[in-house]
Every structure is written in C-alpha cells, then in structure tokens.
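Numbering (my numbering), first residue to last: 17 to 222. Don't be surprised by glycine CBs; every beta carbon is placed ideally from N, CA and C.
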C-alpha cells in the first residue's frame, strides 16, 4: 500500500516543533515542582531546628537558674561550716585547757606531783617527783587512760634525795588533745591484763 502525506512541508515542521515545546514545558514544571518541594522540606527542617534551638536555650536558662541556686547553697553551706569550725576552735580554746588540767589532776597519784608542765610545738613535757617507780607507772597508766593525753612515754626516771627521802624524779613526754578525741586511741594502747600492767611497772624500775 502506498501512503501519501498530504500535509504541506511548513505545517509538518510546525507540528514537530509543538511536541518539543510541550516536553520542555513539562520538564520545567517538574523541575519547578521539585525545587518547590525541596524548598518546603528545607523550610520545615529549618523550622524544626529553630524550635530545637529555642527549646535548648530555654533549657540552658533553666539549668543556669538551678546552677545559680546550687552555687548559692554551696557558698552558704561553706560559710556555715566555716563558722561552725570557728565556734569549735573558740570552744576548744576556752574549755580545752580546763579539761586537760582536770584530767591531769585526776590522773596524778597521791605520792606524786608535777613541778613543770610545758607544751611546745605540739609536744608536752611533764617533770615531777614520785616516791617510787611504781607510782610513776601508775601515773603514766592513768594518763594513758585519759582522752586528753596521746602517746604517753617515759623520758627519764632517776633517783633523787629530798629532805633525806629517797624519791624518783621523772620526765613524761606526751601530746595533748584538747577535744578529748584521743580516748579511743588510748584505749587500744592500754594493757589488757594485770600481767601487762605489772610488766610495765617492772620495766620502769630497770
């Protein structure tokens, strides 16, 4: 079969050109729609990010307010502790020496007395006289049992004569705890049996 195209040549070119324009318009429309969709998506993302930023800023402000309250509490607590410490020091300085002197008086045996009581650089020295070594040992044990005397040690003990009496001069070294907190430590160091006490007295006489 033979086909004959009866459309003139200029009109045929015009028909072909119209299809290309339509395709181009469709491409442009699709591109515009894609750009618009991307723009909308990005706008939503930016809006979400901005909301998160605002929320984070509010959270930061709230945390800063809480932090300020915590800092104020810490400062007030530190000041309170400092005042309590000062009061404790003042109370210790006011009553500590009285308690120490009372404890020393209670610990001293009848046949012993202290001529010198000195405290320097945290060390305390007791110099005195007793009738014999056993009295000195009893004195040391009583000091060791007191909560105000720490690390009671015999420095020197030697014979002396006073008014034709055979006596013993002694030097006892110790440390003072004006708070009375040495009781537990001294209790751990105390002899646990009469045999231990007798052994200490025997050691002093040598």
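Would residue i pass as a contact of residue j if the rule is Cβ separation under 9 Å?
i, j, result
"residue 163", "residue 118", "no"
"residue 159", "residue 168", "yes"
"residue 155", "residue 188", "yes"
"residue 115", "residue 197", "no"
"residue 191", "residue 139", "yes"
"residue 186", "residue 145", "yes"
"residue 182", "residue 175", "yes"
"residue 127", "residue 148", "yes"
"residue 170", "residue 152", "yes"
Between which two residues does the alpha helix (DSSP H) harbouring residue i extend?
i, result
"residue 151", "149-161"
Between the C-alpha atoms of residue i and residue j, what's the straight-line distance to the nearest angstrom?
i, j, result
"residue 74", "residue 137", "58 Å"
"residue 87", "residue 99", "18 Å"
"residue 83", "residue 101", "26 Å"
"residue 85", "residue 58", "40 Å"
"residue 56", "residue 91", "52 Å"
"residue 46", "residue 40", "10 Å"
"residue 72", "residue 61", "16 Å"
"residue 44", "residue 77", "49 Å"
"residue 49", "residue 65", "24 Å"
"residue 80", "residue 113", "49 Å"
"residue 69", "residue 42", "40 Å"
Taking all protein chains shown into account, do 16 or more other C-beta atoms lie within 10 angstroms of the C-beta of residue i, making it buried, or fewer, making it exposed?
i, result
"residue 184", "buried"
"residue 94", "exposed"
"residue 166", "buried"
"residue 142", "buried"
"residue 36", "exposed"
"residue 123", "buried"
"residue 97", "exposed"
"residue 120", "buried"
"residue 222", "Residue placement at residue 222 is poorly supported in this model, since its pLDDT is 42, which falls under 50; the coordinates still yield a value, given next. Counting Cβ neighbours within 10 Å, residue 222 comes out exposed, since fewer than 16 surround it."
What would DSSP say about residue i, mapped onto helix, strand or coil?
i, result
"residue 196", "coil"
"residue 126", "coil"
"residue 137", "coil"
"residue 191", "strand"
"residue 52", "helix"
"residue 98", "helix"
"residue 146", "strand"
"residue 181", "strand"
"residue 220", "Its pLDDT being 42, under 50, residue 220 is placed unreliably by the model, and nothing is read from it."
"residue 132", "strand"
"residue 186", "strand"
"residue 36", "helix"
Can you tell me where the beta strand (DSSP E) with residue i in it begins and where it stops?
i, result
"residue 175", "165-178"
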